[in-house]
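Encoded as structure tokens, the structure appears first; notes follow it.
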Amino acid sequence: MYKLEPTKVFEKNLKKLSANEQKTLAVKLKLLVKNPFHPSLRTKKVQRLKDVFECSVNMDVRILWKYKGDRIILLLEVGHHSIL
Numbered sequence: 028m029y030k031l032e033p034t035k036v037f038e039k040n041l042k043k044l045s046a047n048e049q050k051t052l053a054v055k056l057k058l059l060v061k062n063p064f065h066p067s068l069r070t071k072k073v074q075r076l077k078d079v080f081e082c083s084v085n086m087d088v089r090i091l092w093k094y095k096g097d098r099i100i101l102l103l104e105v106g107h108h109s110i111l
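Following this line, the structure appears as structure tokens:
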């Protein structure tokens, strides 16, 4: 299992999500710590950013993250797909 480490930007943008989106995000983060490539996350590498991955919370909300060492996932950003 991985440990999650949110950035200040992630925490700031988390507050902008609706209560329902935050609830769905919590479920997806539980999957992320167990298996970052769980099929329901639809994880993929971001082409334009080195070592950064994107996964889906729902059809509109995305998480940007990267590995920090062997057991830590650094949560970089969360927000609506159109913004990211």
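Numbered according to my numbering, the sequence shown spans residues 28 to 111.
Just so you know, even glycine gets a beta-carbon here, dropped at the ideal spot from N, CA and C.
* To do: Within the same chain, show all residues whose beta-carbon is closer than 6 Å to that of E32, passing over the 5 residues directly before and after it, in chain order.
  => I99, L101
* Is it true that the CB of K72 sits closer than 8 Å to the CB of F64? -> no
* Asked: How about V84 and K55: do their beta carbons lie closer than 8 Å?
  -> yes
* Asked: Would you report the Cα separation of Q74 and W92, rounded to the nearest angstrom?
  -> For Q74 and W92, the distance between alpha carbons rounds to 13 Å.
* Asked: Leaving out five residues before and five after N40 in sequence, what residues of the same chain have Cβ atoms less than 7 Å from its Cβ?
  -> Sequence-distant partners of N40 (beyond 5 residues in either direction) whose C-beta falls short of 7 Å from its own C-beta, in its chain, are E104, V105, G106.
* Asked: So, is R89 buried or exposed, given that buried needs 16 or more other C-beta atoms within 10 angstroms?
  -> The residue is buried, with at least 16 neighbouring Cβ atoms inside 10 Å.
* Boundaries of the alpha helix (DSSP H) in which F37 is found, first to last residue -> 35 to 41
* Asked: Among S45, M86, K42, which one has its Cα closest to the Cα of L68?
  -> M86
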